[in-house]
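Engineer:
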Amino acid sequence: MATASLDTARPERRAGSSPLIEKTPEVRPEAMVATGRPSLVGLTRNALRERLAAIGVPEREQRMRTGQLWHWINVRGASSFEAMTNVGKALKAELEQVYTLDRPEVVSEQVSRDGTRKWLLRMPPTGRHDHNRGAEIECVYIPANDRGTLCVSSQVGCTLTCSFCHTGTQRLVRNLSAQEITAQLVVARDRLGDWPGQSPPKGTFVPVDGSRFVSNVVFMGMGEPLYNVDNVIDAIGVMSDNEGLGLSRRRITVSTSGVVPQFERLGIDANAMLAISLHAVRDDLRNVLVPLNRKYPIRELLDACRNYPGVSNARRITFEYVMLKGVNDSDAEARELVRLLKGIPAKINLIPFNPWPGSSYECSDWERIERFSEIVFNAGYASPVRTPRGRDILAACGQLKSETEKLRARARLMLEDGIGAEGVYGAVDDD
1 MATASLDTAR PERRAGSSPL IEKTPEVRPE AMVATGRPSL VGLTRNALRE RLAAIGVPER
61 EQRMRTGQLW HWINVRGASS FEAMTNVGKA LKAELEQVYT LDRPEVVSEQ VSRDGTRKWL
121 LRMPPTGRHD HNRGAEIECV YIPANDRGTL CVSSQVGCTL TCSFCHTGTQ RLVRNLSAQE
181 ITAQLVVARD RLGDWPGQSP PKGTFVPVDG SRFVSNVVFM GMGEPLYNVD NVIDAIGVMS
241 DNEGLGLSRR RITVSTSGVV PQFERLGIDA NAMLAISLHA VRDDLRNVLV PLNRKYPIRE
301 LLDACRNYPG VSNARRITFE YVMLKGVNDS DAEARELVRL LKGIPAKINL IPFNPWPGSS
361 YECSDWERIE RFSEIVFNAG YASPVRTPRG RDILAACGQL KSETEKLRAR ARLMLEDGIG
421 AEGVYGAVDD D
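Per UniProt numbering, residue 1 is the first one in the sequence shown, and the count goes up by one each step.
#1: To which residues of the same chain is residue 269 closer than 7 Å at the C-beta, ignoring the five residues directly before and after it?
#2: Is it buried or exposed for residue 85, if we count other Cβ within 10 angstroms and need 16 for buried?
#3: Would DSSP call residue 267 helix, strand or coil?
#4: I'd like to know whether the C-beta atoms of residue 223 and residue 153 end up nearer to each other than 7 Å.
#5: Are the segment 210-219 and the segment 246-256 touching by the rule of at least three beta carbon pairs closer than 8 Å?
#6: What span of residues does the alpha helix (DSSP H) with residue 349 cover, start to end?
#7: In terms of alpha-carbon separation, which member of 379, 342, 100, 280 lies closest to residue 351?
#8: Count the other CB atoms, across all protein chains shown, that sit within 10 Å of the CB of residue 55; report buried if there are 16 or more and exposed otherwise.
#9: Taking only runs of the alpha helix (DSSP H) that begin and end inside the segment 63-145, which ones reach a length of at least 4 residues, in chain order?
#10: Thinking residue 165 and residue 151 are a contact (beta carbons under 8 Å), I'd like their distance in whole angstroms, please.
#11: Would you tell me roughly how many angstroms separate the C-alpha atoms of residue 379 and residue 360, rounded to the nearest one?
#12: Could you tell me the alpha carbon to alpha carbon distance between residue 52 and residue 174, rounded to whole angstroms?
#13: Classify residue 323 as helix, strand or coil using the three-state DSSP reduction.
#14: Could you tell me which of 325, 145, 205, 209 sits nearest to residue 112, measuring between CA atoms?
#15: One question on the structure: do residue 183 and residue 42 come within less than 7 Å of each other, judged by their Cβ atoms?
#16: Let me know the secondary structure DSSP gives residue 155 once reduced to three states.
#17: Helix or strand or just coil, what does DSSP make of residue 239?
#18: Keeping to the same chain, check which residues put their C-beta closer than 7 Å to that of residue 335; ignore five residues upstream and five downstream.
#19: What residues are listed by DSSP as bridge partners for residue 216?
#20: Please classify residue 60 as buried or exposed, where buried requires at least 16 other C-beta atoms within 10 Å of its C-beta.
#21: Whose C-beta lies closer than 6 Å to the C-beta of residue 296 among residues of the same chain, with five residues either side of it excluded?
#22: By DSSP's criteria, residue 339 is part of a beta bridge. Which residues make up the other side?
#23: Taking the alpha carbon of residue 187 as the point to measure from, which residue in 197, 117, 277, 68 has its own alpha carbon closest?
#24: Quick check on residue 383: does DSSP put it in helix, strand or coil?
#25: Grab me the residues of residue 105's own chain with a C-beta within less than 6 Å of its C-beta, minus the 5 sequence neighbours each way, in chain order.
#26: Beta strand (DSSP E) containing residue 55: first to last residue?
#27: At the level of alpha carbons, what is the spacing between residue 137 and residue 39?
#28: Note the first and the last residue of the continuous beta strand (DSSP E) segment covering residue 292.
#29: Could you tell me which of 196, 98, 357, 67 sits nearest to residue 211, measuring between CA atoms?
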């Protein structure tokens with residue numbers, strides 16, 4: 001990554017040892033010195049108020065001024081202080097001297113034949129380093145006629161080592177801040193013309209039902225969201241503020257590989273929809289596919305799902321299940337999946353495996369996927385098969401891998417191909 005962590009190599013696995021389950025962040029941004037004028041885009045209300053206090057806005061005015069800036073940034077999509085017509089000239093001039101409304105830089109945009117868009121975003125530098133151009137991540141926009149789903153990343157790199165996922169081959173650099181997570185939604189709305197009075201660029205595929213072009217957000221990009229739970233919860237708070245970005249919490253889904261201790265907090269503090277990267281019905285197999293299972297095995301994971309705050313038939317948990325040929329796709333495994341999920345309001349999202357360079361897995365045959373889906377459906381569970389989207393630009397589920405993962409030392413300034421997402425197309429209930 002183009003961050004201050006470039007001199008720290010990913011730990012190697014010793015011969016005969018177990019695969020690494022978790023990777024420790026190599027950079028902690030809170031310990032680093034920010035450079036340049038900071039942006040106000042993506043901040044929580046409290047953080048925005050603190051920025052105003054820092055430049056001497058009187059306490060009696062802070063609430064009002066915070067509300068004004070909040071509206072311009074999160075409702076109108078303002079990109080300059082000058083556009084804020086109800087903010088005084090003196091305050092606008094002071095804001096301009098100290099802060100910006102900059103978004104992460106869009107380094108590249110790729111558009112799939114099916115309308116999927118993938119943006120490579122560069123965050124502002126977080127430290128004083130000659131080679132530090134700021135962390136680079138990707139987010140993916142998946143449009144349909146009745147919705148537009150934005151897949152956001154929560155970490156730079158990946159925390160886990162899931163064997164079927166391209167992201168797991170990349171080192172974890174650091175957590176994204178709540179501001180950096182939220183800014184991905186702001187950038188998407190900029191690029192899609194999804195602000196009041198704007199229109200999408202010519203030829204852009206967006207929903208046609210009159211809804212917002214970005215109507216759903218899924219935390220299914222790079223990283224394990226529940227290993228960055230504080231920032232994820234804060235970002236959800238900004239995204240779902242009814243006087244701001246205005247997403248429904250029922251249209252925000254957090255996907256986890258199973259960090260069980262954080263389930264209760266996520267449900268209570270974020271009230272978001274939950275998706276589980278399951279992928280296997282036996283501990284021995286899931287230990288290989290999702291090594292975190294050694295820490296939180298299937299039984300413990302499913303007990304936590306049964307107790308997830310707010311779970312109901314109206315707020316089902318989505319279970320993601322990637323279809324791997326000859327590995328986890330038998331009739332017996334479909335029946336065992338049904339047995340395991342008994343009593344959990346659930347939706348099973350079957351994901352055809354998307355190949356990536358170096359992977360040893362193959363996608364299940366279509367007939368096998370359909371048979372698996374039929375068994376699950378006949379047991380009373382919705383079991384949609386996700387149509388792969390964005391394969392031609394490596395934006396499909398499990399294909400993403402940071403274009404900014406670097407080689408060692410000086411050579412790390414050269415870019416690699418790809419970024420990481422585990423489960424980009426997890427189901428999101430609209431009801």
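Ideal placement from N, C-alpha and C gives every residue a C-beta, glycine not left out.
Structural biologist: This is what the structure gives:
#1: Closer than 7 Å at Cβ, skipping near neighbours: 233.
#2: exposed
#3: Three-state result, residue 267: helix.
#4: yes
#5: yes
#6: For residue 349, no alpha helix (DSSP H) segment is defined; the enclosing uninterrupted segment is the beta strand (DSSP E) at 346-352.
#7: 280
#8: The residue in question, residue 55, is exposed, as its Cβ has fewer than 16 Cβ neighbours within 10 Å.
#9: 89-98
#10: About 14 Å separates the two Cβ atoms, so there is no contact after all.
#11: 32 Å
#12: So the two alpha carbons sit approximately 28 Å from each other.
#13: strand
#14: 205
#15: yes
#16: strand
#17: helix
#18: So the list reads 375, once near-sequence residues are dropped.
#19: In the DSSP assignment, the residues bridged to residue 216 are 149.
#20: exposed
#21: 258, 260
#22: Under DSSP, no beta-bridge partner is assigned to residue 339.
#23: 117
#24: coil
#25: 122
#26: Where residue 55 is concerned, there is no enclosing beta strand (DSSP E), given that its DSSP letter is neither H nor E.
#27: Roughly 18 Å between the two C-alpha positions.
#28: According to the DSSP assignment, residue 292 belongs to no beta strand (DSSP E), since it is labelled neither H nor E.
#29: Residue 196 is the option with its Cα nearest to residue 211.
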